[in-house]
Amino acid sequence: MVEWFLYMSQYRMPIDEFVVRSQAAEGSGFGGVAFFDHLETPGMPSSPVWEAMGIATWVAAKTSRITVGHLVLCDAFRHPAVLAKQAVTLAEASGGRFELGIGSGSMPTELATFGLRTGDAAHRIDRLDRDLTLLKEYWGGAQSPAPTKPIPIVVGGTGPRTMEVVRNHADWWNLPGPQLGRLPELLPAIGAARASVQQMVGFARRGSDPREVAETSRKRWGQLGPGLVTGTADELVEFFTGLSEQGVQRFYVWFSDSAQPDAIEEFGETVIGRFPTA
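If you count the sequence shown from 1, position 141 lands on 141 in the UniProt record's numbering, and the numbers rise without skipping.
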């Protein structure tokens, strides 16, 4: 059995568009939705972008079943005491439907732009390790209220120190799609965490030309390398089955065309629906 999350980068579109897509995902076999965490849109600083915890809270209020989370929150953006309180509040308000996805921060220029002085990559991962330790202390009773049930932690990344953080703290480890070739090498290093993959998908729907879908997707996202897969429902089922057989237990599906709700529904029917359910 695998889990399916719809991943959306919350820029350009009005907030209600993300709500509609989340509701479509909820009715189509997806178990969750995930957003990114940036203060400006990567590569397009003038493009409007919605704040990560705010949009997750709004989507949780507008859905009833799916989990909400992030790939991933930037540790440097929030003091751990504040993040711990936000996480507990959202988890309780949603009936336990929040997961805390977090990373050390992948865009040093963004941090510098907004005056977040976080040091080099080694310093940032050390800080993430420290802050996750503090989060667990806050949730364990150092803050009140404590969570009524555990809040799952998702950590993304592939560096040796990051993998140590995964083993120390994470319930889930996420592998970015561009590094998919490293899956066999890294899986033994995740300890008790479960493996997920974030994958950009060019979905060739019924009646579409798969070659045109592939060409359009590659023009926009070809820089992702193996992080982009294109094909018909049958081809995507084969692709995701292969990863599942290697030990991946969750897929974060990122549609190359910011899929319309009916495309999300078709993906649920023709791809997700062909995998075993609990």
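Just so you know, even glycine gets a beta-carbon here, dropped at the ideal spot from N, CA and C. Owing to the predicted nature of the structure, the values given are computational and were not obtained by experimental measurement.
Just tell me which of the options has its CA closest to the CA of residue i.
i: phenylalanine 98; options: Pro108, Arg161, Ala87, Ser258; result: Ala87
i: alanine 192; options: Gly177, Phe203, Val229, Val154; result: Val154
i: threonine 109; options: His70, Pro147, Asp129, His38; result: His38
i: glutamate 17; options: Val59, Glu40, Trp4; result: Val59
i: glycine 222; options: Gly156, Pro178, Phe203; result: Pro178
i: histidine 79; options: Ser47, Leu135, Leu175; result: Leu135
i: serine 94; options: Met107, Trp4, Ala61, Asp126; result: Ala61
i: alanine 204; options: Ala259, Pro226, Pro160, Arg220; result: Ala259
i: histidine 169; options: Leu132, Met13, Glu238; result: Leu132
i: serine 47; options: Gln10, Gly69, Phe36; result: Gln10
i: valine 144; options: Glu92, Ala122, Phe77, Ala195; result: Here residue 144 is serine; the residue named in the question, valine, does not match the sequence. Among Glu92, Ala122, Phe77, Ala195, the Cα nearest to that of serine 144 is on Glu92.
i: alanine 84; options: Gly69, Leu100, Ala76; result: Leu100
i: valine 213; options: Thr232, Ala195, Pro226; result: Thr232
i: valine 253; options: Thr277, Glu245, Gly227, Thr162; result: Gly227
i: leucine 19; options: Val49, Ile55, Glu185; result: Reading off the sequence, residue 19 comes out as valine, not leucine. Per the Cα distances, Ile55.
i: alanine 34; options: Pro210, Leu6, Met44, Thr57; result: Leu6
i: proline 176; options: Ala195, Pro261, Val165, Leu128; result: Ala195
i: proline 184; options: Ala76, Phe77, Glu235, Leu243; result: Leu243
i: aspartate 234; options: Val271, Arg127, Val248, Trp50; result: Val271
i: methionine 44; options: Ser22, Arg12, Phe36, Thr57; result: Arg12
i: glutamate 40; options: Leu90, Phe77, Thr57; result: Phe77
i: glycine 105; options: Val82, Asp129, Gly96; result: Asp129
i: tryptophan 172; options: Gly207, Gln249, Thr277, Val201; result: Gln249
i: isoleucine 264; options: Arg206, Glu215, Lys219, Thr277; result: Arg206
i: arginine 127; options: Asp75, Leu236, Ile15, Pro261; result: Asp75
i: residue 291; options: Pro14, Asp262, Gly202; result: Missing from the structure shown is residue 291; the chain here goes from 1 to 278 and no further.
i: leucine 90; options: Thr57, Trp50, Asp120; result: Thr57
i: serine 208; options: Ala122, Thr230, Arg220; result: Thr230
Grouping DSSP H, G and I as helix and E and B as strand, with all else coil, what is residue i?
i: phenylalanine 114; result: coil
i: glutamate 212; result: helix
i: glutamine 199; result: strand
i: proline 176; result: strand
i: arginine 206; result: coil
i: methionine 13; result: coil
i: methionine 163; result: helix
i: glutamine 260; result: coil
i: threonine 230; result: strand
i: phenylalanine 5; result: strand
i: isoleucine 272; result: helix
i: glycine 156; result: strand
So residue i and residue j are in contact, right, with Cβ under 8 Å, and what is the actual spacing, rounded?
i: valine 197; j: leucine 180; result: 7 Å
i: glutamine 199; j: phenylalanine 251; result: 6 Å
i: leucine 71; j: alanine 52; result: Not confirmed; about 10 Å, so no contact.
i: phenylalanine 275; j: valine 2; result: 6 Å
i: threonine 162; j: isoleucine 125; result: 6 Å
i: valine 166; j: isoleucine 190; result: 5 Å
i: glycine 247; j: leucine 187; result: 5 Å
i: arginine 182; j: threonine 158; result: 6 Å
i: tryptophan 4; j: phenylalanine 30; result: 5 Å
i: glycine 69; j: glycine 96; result: At roughly 12 Å, the Cβ-Cβ gap does not stay under 8 Å, so glycine 69 and glycine 96 are not in contact.
Taking 8 Å as the cut-off, is the beta-carbon of residue i closer than that to any non-hydrogen atom of the ligand ATP?
i: threonine 148; result: The ligand ATP is not part of this structure, which contains no ligands at all.
| Taking three-plus beta-carbon pairs below 8 Å as touching, is the segment 116-126 in contact with the segment 137-154? | no
| Should the segment 50-68 be called in touch with the segment 10-28, which here means at least 3 C-beta pairs below 8 Å? | yes
| field | Continuous beta strand (DSSP E) assignments of at least 3 residues falling wholly in the segment 15-86 | value | 32-35, 67-70
| request: Ignoring anything shorter than 4 residues or poking outside the segment 90-149, list the alpha helix (DSSP H) runs there in chain order. | output: 108-113, 121-137
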